[in-house]
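Just below is one structure, and these are the notes that go with it.
In the numbering used here, the protein residues as written are 1348 to 1791.
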């Protein structure tokens, strides 16, 4: 896992985005992680153990599915699905977690801490901790513990302590704040197992490197199946780890469009959304300069999404850089569009995606129609929807007393998802916005 041509500079910047905007108390801890990772990423024994666990424990490689019925229902380009939902623990999160947990063990740490939104990163972290005999604490916003109660139970069954966070909006950004506070206090024996490609350097490059396996596999699989590269790759973007993982293998292929689908919530125009690139400005959040949702005074704004995993007011700095250089496009997908796609994929392919992944499906369907017959669209199905059945039950009315009506509503939603694919607005570029104020204080 040697460095790539797309690594950040020595300060941790991807172009104008990234870096370390944080209190002095964390500099030493980050330096320790960076140095340990610098050595581990070129250590054959470390990489061999990671490969072994990826194959025999996580179930890699994840398959590529030819979504023939979805393609026929939608019309347009051929749709292929990268099936990260079939990984152990149910999402792409296990890729990063196994790598970082091995790194923590290598550094002699006895405890890992993590933040989680949808609970998938928390479940994966608790899983790896159980496997390697590490203590585990997971911070999760109170709102998210309620809408993802199944994953809370899974984490606790695996032996993790789950700490509900009531501060702020009681969602993912607040869970990250609490995890940072824990790490500052207990850095001598604790490793912060960061879940996305955000945060201060070296987290964005570490998480990206452990997620690159998605794109490396998919590139080979698509060529083997079709004889060529896809015309477009679609993935959902919250912090952005699954998206950067699949995008990275195609960065040097200019004819392959890279499209990130953000959480449009009730619509970007309403202000109730989590479309950080489509509707945000440049600033500093959780130790990195990147796109974020903020008010005129520079205070972080509340985000909204039906998807707990995308309900975050920031995004990884490499995504901001890719938008800035026009290498990737970012489009908002509303809650309704995502749930229509959730039903559509369930009805056409028998695959119930995570609501996060349903955003990618909605955007991928739109791309298939834009590109037309003869084209190929690759969609990353980042996770499965078991955790979201309570939300689906309420959204579609699938409870026992309304089962007939609920089935009809789901059918109507699937039909809408096939016919009314969202149109994407032009990508907004970070360079359109003023620079962040100077300073070195992390916004916790």
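Even glycine gets a Cβ: it sits at the ideal position worked out from N, Cα and C.
I believe residue 1429 touches residue 1624 by the beta-carbon criterion, under 8 Å. Please report the beta-carbon distance rounded to the nearest angstrom.
Here residue 1429 refers to the residue found at position 82 when the chain shown is read from its first residue. Here residue 1624 refers to the residue found at position 277 when the chain shown is read from its first residue. Their Cβ separation, rounded to whole angstroms, is 22 Å, which puts residue 1429 and residue 1624 out of contact at 8 Å.
Do the segment 1440 to 1455 and the segment 1400 to 1408 touch if we need at least three Cβ pairs shorter than 8 Å?
yes
For the putative contact between residue 1523 and residue 1616, defined by C-beta atoms under 8 Å, what is the C-beta separation to the nearest angstrom?
What you label residue 1523 is simply residue 176 of the chain shown in a count that begins at 1. What you label residue 1616 is simply residue 269 of the chain shown in a count that begins at 1. Not confirmed; about 27 Å, so no contact.
Just verifying my parser: in three-state terms, what is the DSSP assignment at residue 1523?
Within the chain shown, numbered from 1, the residue matching residue 1523 stands at position 176. Looking at residue 1523 - three-state DSSP - the assignment turns out to be helix.
When you compare only the Cα positions, how much space is there between residue 1780 and residue 1505?
In the chain shown, the residue the question calls residue 1780 occupies position 433. In the chain shown, the residue the question calls residue 1505 occupies position 158. Annotation note: pLDDT 33 at residue 1780 (below 50); position unreliable, coordinate value reported separately. Cα-Cα distance, rounded: 44 Å.
Grouping DSSP H, G and I as helix and E and B as strand, with all else coil, what is residue 1441?
Along the chain shown, one-based indexing puts residue 1441 at 94. It is helical.
Using 8 Å as the Cβ pair cut-off and three pairs as the minimum, do the segment 1678 to 1697 and the segment 1716 to 1725 touch?
By the Cβ rule, the segment 1678 to 1697 does not count as touching the segment 1716 to 1725, because fewer than three pairs are nearer than 8 Å.
Which same chain residues end up closer than 7 Å to residue 1526 when comparing Cβ atoms and leaving out the 5 residues on each side of it in sequence?
Position 179 of the chain shown, counting from 1, holds the residue named residue 1526. These residues qualify, in order along the chain: 1460, 1461, 1462, 1486 and 1539.
Under 8 Å, do residue 1368 and residue 1730 count as touching if we go by C-beta distance?
Reading the chain shown from its first residue, position 21 is the one you call residue 1368. Reading the chain shown from its first residue, position 383 is the one you call residue 1730. Contact flag unset, no.
Excluding the five sequence neighbours on either side, which residues of its own chain have a C-beta within less than 6 Å of the C-beta of residue 1619, listed in chain order?
Counting from one through the chain shown, the residue named residue 1619 turns up at place 272. Non-local C-beta neighbours of residue 1619 in its own chain, meaning closer than 6 Å and more than five positions away in sequence, comprise 1612, 1613 and 1651, ordered along the chain.
With distances taken Cα to Cα, identify the nearest neighbour of residue 1339 among 1700, 1726 and 1694.
The question about residue 1339 has no answer here: the residues shown for the chain are numbered 1348 through 1791.
Ordered along the chain, which non-local residues of its own chain (more than five positions away) have a Cβ less than 6 Å from that of residue 1595?
By 1-based counting over the chain shown, the position of residue 1595 is 248. Answer for residue 1595: 1559 and 1562, listed in chain order.
With 16 other CB atoms within 10 Å as the buried threshold, where does residue 1509 fall?
The residue given as residue 1509 occupies position 162 in the chain shown. When all chains shown are included, residue 1509 counts as buried.
What residues in its chain sit with their C-beta under 6 Å from that of residue 1372, if we drop five residues either side in the sequence?
Position 25 of the chain shown, counted from the first residue, corresponds to residue 1372. Closer than 6 Å at Cβ, skipping near neighbours: 1531.
I'd like the ranges of any alpha helix (DSSP H) spanning at least 4 consecutive residues and lying wholly in the segment 1425 to 1488.
1440 to 1453 and 1467 to 1479
For residue 1711 and residue 1702, I'd like the C-alpha separation in whole angstroms.
To locate residue 1711, count along the chain shown from 1; it is residue 364. To locate residue 1702, count along the chain shown from 1; it is residue 355. Spanning the two alpha carbons is a distance of roughly 14 Å.
With DSSP run on the structure shown, which of helix, strand or coil describes residue 1412?
Locating residue 1412 in the chain shown gives position 65, counting from the first residue. In the structure shown, residue 1412 sits in a strand (DSSP, three-state: E or B).
Does the structure place the segment 1538 to 1553 close enough to the segment 1568 to 1581 that three or more beta carbon pairs sit under 8 Å?
no
Going by DSSP, name the residue or residues bridged to residue 1731.
On the chain shown, residue 1731 is found 384 positions in, with the first residue counted as 1. DSSP lists 1700 as partners of residue 1731.
Could you pull the DSSP bridge partners for residue 1360 from this structure?
To locate residue 1360, count along the chain shown from 1; it is residue 13. Bridge partners of residue 1360: 1365.
Within 10 angstroms of the Cβ of residue 1543, are there 16 or more other Cβ atoms? Answer buried if so, exposed if not.
If you number the chain shown from 1, residue 1543 lands on position 196. Under this definition residue 1543 is a buried residue.
Using 8 Å for Cβ pairs, my map puts residue 1663 next to residue 1586. What's the rounded Cβ distance?
Your numbering for residue 1663 matches position 316 in the chain shown. Your numbering for residue 1586 matches position 239 in the chain shown. Your pair residue 1663 and residue 1586 checks out as a contact, with CB atoms roughly 6 Å apart and the cut at 8 Å.
In chain order, what are the residue ranges of uninterrupted beta strand (DSSP E) at least 3 long that sit wholly in the segment 1574 to 1629?
1579 to 1584 and 1604 to 1612
In the DSSP assignment, what residue or residues form a beta bridge with residue 1636?
Translated into the one-based positions of the chain shown, residue 1636 becomes position 289. Note: residue 1636 sits in a beta bridge opposite 1365 and 1631.
Could you check whether residue 1464 and residue 1417 sit closer than 8 Å to each other, using their CB atoms as the reference points?
On the chain shown, residue 1417 is found 70 positions in, with the first residue counted as 1. On the chain shown, residue 1464 is found 117 positions in, with the first residue counted as 1. For residue 1417 and residue 1464, no; Cβs fall outside 8 Å.
Within the chosen definition, does the segment 1658 to 1677 reach the segment 1598 to 1605 through at least 3 CB pairs nearer than 8 Å?
yes
Once DSSP output is grouped into helix, strand and coil, what is the label at residue 1537?
The residue labelled residue 1537 in the question sits at position 190 within the chain shown. Three-state result, residue 1537: strand.
I'd like to check one pair, residue 1707 with residue 1581: are the Cβ atoms closer than 8 Å?
Locating residue 1581 in the chain shown gives position 234, counting from the first residue. Locating residue 1707 in the chain shown gives position 360, counting from the first residue. Yes.
Put residue 1725 into one of helix, strand or coil per three-state DSSP.
On the chain shown, position 378 is the one that residue 1725 refers to. In the displayed model, residue 1725 falls within a strand according to three-state DSSP.
Tell me which residues share the same chain as residue 1354 and place their Cβ nearer than 7 Å to its Cβ, disregarding the 5 neighbours each side in the sequence.
Residue numbering aside, residue 1354 sits at position 7 when the chain shown is read from its first letter. Leaving aside the five residues that flank residue 1354 on each side, the residues in its chain whose CB is nearer than 7 Å to its CB run, in chain order, 1552.
Name the two residues that bound the continuous alpha helix (DSSP H) containing residue 1517.
The residue you call residue 1517 lines up with position 170 of the chain shown. Neither: residue 1517 is in no alpha helix (DSSP H) and is coded neither H nor E.
Identify whether residue 1404 lies in helix, strand or coil by the three-state DSSP scheme.
If you number the chain shown from 1, residue 1404 lands on position 57. Three-state DSSP puts residue 1404 in coil, outside helix and strand.
Could you give the distance in angstroms between the alpha-carbon of residue 1392 and the alpha-carbon of residue 1589?
Against the chain shown, residue 1392 aligns to sequence position 45. Against the chain shown, residue 1589 aligns to sequence position 242. Those two C-alpha atoms are separated by around 26 Å.
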